[in-house]
Structures are given as structure tokens and as C-alpha cells.
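Below you'll find the structure, written out as C-alpha cells, and then a few comments.
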Ligand code: GLA
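In the numbering used here, the protein residues as written are 163 to 544.
This is the structure we're talking about:
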């Protein structure tokens, strides 16, 4: 039987951090780091899953899956398999092999890529005819129900809908996805991985989500015609703030400010689209860089999802000549800093000293990843 091969990318997010579960628009893009899957029919109804990076195999019959004790990568496989609605297809077992070059815990959404790639592959293999959005929702539910992270939908949308050379403006209320280009010729985007991941990441994420949901219930009771955070007036925000604890006030303030920053990037992109140029003006780069820095400060001081390692790297990077701006990216408490720099910014000259200083300070070895904006999940010709 023919071998099905699927590639599922990780993602970056230019701006709109923590807005995907806060009524925002987010600006992610798929990158050229992937999970790769090979899916092949078996002779009997059993499943064999091989996680190549962990050198682990897992073999089971469908009936055993639901009650199986799982952790780590098996949670995700189990979740996707159970949520895909495979029941009428179970006479056909599969052999799935997968591996990845997306660093785990780096804020590049490796778990979303795992779930999206698997869901997409099973959808192709069993001809289930689900849409990419349905697959994204299954991948998100897997995180909620099987990994315990109440994430938004940004990572899954980026992985499934990514378009080469384009950022996506993903409206997290309407689920509309608008790919757009920013003329960044003359500049470069890259990532510096702090190589740390603090334990509280998941619980702190869920806690913030719960706080903001509570604040939203309160907002709705105070302003019954309010549709979402985007349309909250400054006057009503002040009234609401009076009723919130300090922590939630700061978190909501971050959300409201980040919503405005995303709108600014969208306005810039529109303005540039009409100018029909591929080269970024210095002004655009400076404006974008400043927005990245503001977002970092908001995530650090208001949303409080940064950490000393990320703050150190962000500050050192921003102090370099030729860097327009940098910010922590993703859920936080570790992972990567996203950097916007001039195209001629000399990485070989700048990074060794920075990495050395970072290692001395924190005992961790940072890493550099170039960013190439790539297509979303796809079948690979075998
Ligand atoms: C994680 C979540 C996403 C999103 C980001 C923060 O990556 O999985 O849904 O909330 O954090 O923007």
C-alpha cells in the first residue's frame, strides 16, 4: 500500500501574543521547521506508532486506546486519534512513523504541529473529508483535553493554513484568515532560543485565561451590548478596572494595548500594499521594531509571562546596532526571542559574545534559528 508522507510546520508570531483566547487578531506564520509523518496501512486492525526522536514504539488495538495510561507524546497521539471520529474505519490499522526538527519547548508550537500533522494525515489516509479548520479545532481540543493546556487556536491555524512568504492575520472571533505580506526585504527576522522552559508555563497560561474569562463575564454584565474586548471604550475600561483585582487589571491592560498594536501593524501593511514595494523603508522597520519592544514590555510587566533569561536576551539584542526590536514569543516562561534586524546585521560577529555572556549568567546555551516563512501542512510526494 502506498506510503503517505505529511509535513507539518511550527510557527512564529509577529504580534498579537496571548490574544487568540482574548478576542484578538493574531499575526503568525508557519516556518520551515517540521514534523514529518509516514503513514502506511497495516495488515490487521492494530496501530503501531513510532516516535523516532524518542526511539519509542507504541502498539495497540483500538479498544485498548481509550483507557490506556499515556504521557508525553502519547497523550497527543491518543487525543487526535480519539477526536477524529474514526469509528467506522477501524478495520484498517495503520503504522505511523514521525520525527521533527522543531525544538521542543522553544515556543515554536511543536505540539500543535504534531497534532495538526497527525490529524491531517489521518484525514487523508481514511478519506474523512474534514476541512482544515475542523482539523485545527481537533488539534486544539487535543491540547485542552489530553495535555491540559487551554490554548487558543493560533498555533493550529498557523500550522495548517500557513502560506509561503506570508503572515496570516487570523481573526480569532470570526476565524477569518487573511494572508498578507510585509515588505521586509532589507531586513531579517530570526529567533534566539533561551533553551529554558520553566515549569509553571502551563498552569500560569491556564490561570491567565481563567482570569480574563472572569473579567469578560463581568464586562458583559456591566455592558450588555459589548461584543468583545476590541470594542471596549476607554471610559468603560476604566469602569471595569475599578472592579478587578490588580493582577487582572494589568493582564487586561496588556490585552487592550496588544489589540491596538496589532491594528497598527495591519494599518502599516495596508499602507505598504498600496505603495507596491518589496523593500522595507527604514521608517517601517523602526516602527515595527518599536512595536515588538512594546509587546515585550507588556508581556514582562503587565501580563507577566516573561522570565529573567528572556528579558536578558531581549535587552542585549535590542542594544545591538542594527537590531530594530525584539520580544519574547509564544506562551512565555522560556522559549524564544523573535528579533527584527537590518539585513546586514552581522550575526557571526554579534552572537558569540552574547551567547557567552548568557551562558555565564544563566548556565544555559542559547541557540540561533533563522526564520523562513513557509507553507502550512502538506502531503509530500513520496
Ligand atoms: C501558546 C498557545 C497559543 C497562544 C500563545 C500565546 O503558544 O498555544 O494558543 O495563546 O501561547 O500567544
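Cβ atoms here follow ideal geometry from the backbone N, Cα and C, with glycine treated the same way.
For residue 449 and residue 254, the gap between their C-alpha atoms comes out near 55 Å.
Beta-bridge annotation (DSSP): residue 200 is paired with 167, 259. Shown in chain order are the residues whose CB sits closer than 5 Å to a heavy atom of the ligand GLA: 179, 180, 182, 313, 314, 316, 317, 492, 493.
If you draw a straight line from the Cα of residue 519 to the Cα of residue 528, it comes to about 10 Å.
In the structure shown, residue 316 falls within a helical segment according to DSSP collapsed to helix, strand and coil. A residue is called buried once 16 or more other Cβ atoms fall within 10 Å of its Cβ, and residue 216, having fewer, is exposed.
Annotation: the continuous beta strand (DSSP E) that includes residue 356 extends over 349-359.
With fewer than 16 other beta carbons inside 10 angstroms of its own, residue 347 counts as exposed. Taking the C-beta atoms as reference points, residue 174 is found no nearer than 8 Å to residue 374. In terms of Cα proximity to residue 271, the closest of 256, 290, 197, 525 is 197. Counted as a single uninterrupted DSSP element, the stretch harbouring residue 334 is not any alpha helix (DSSP H), since DSSP gives it neither H nor E.
Inclusion of residue 267 and residue 496 in the CB contact set at 8 Å is warranted, their separation being smaller than that value.
Closest option to residue 516, judged by alpha-carbon separation, among 206, 478, 493: 478.
With a threshold of 16 other beta carbon atoms within 10 Å, residue 457 meets it and is buried. By the Cβ neighbour-count rule, residue 203 is exposed, with fewer than 16 other Cβ atoms within 10 Å of its own. In the DSSP assignment, residue 191 is bridged to 174. In the DSSP assignment, residue 399 falls outside any beta strand (DSSP E) and lies within the alpha helix (DSSP H) extending over 396-403. Residue 334 sits close to residue 186, with the two beta carbons spaced by under 8 Å. Between residue 377 and residue 414, the beta carbon gap of about 6 Å places them in contact (Cβ cut-off 8 Å).
A check of alpha carbon separations from residue 273 across 317, 523, 312, 370 identifies 317 as the nearest.
The beta carbons of residue 241 and residue 288 sit no closer together than 8 Å.
Segment contact: the stretch 318-334 against the stretch 295-310, three or more CB-CB distances shorter than 8 Å; contact assigned. Under the three-state reduction of DSSP output, residue 503 falls in the strand class.
Taking the CA atoms as reference points, residue 261 sits about 47 Å from residue 403. DSSP places residue 489 inside the beta strand (DSSP E), whose first and last residues are 485-490.
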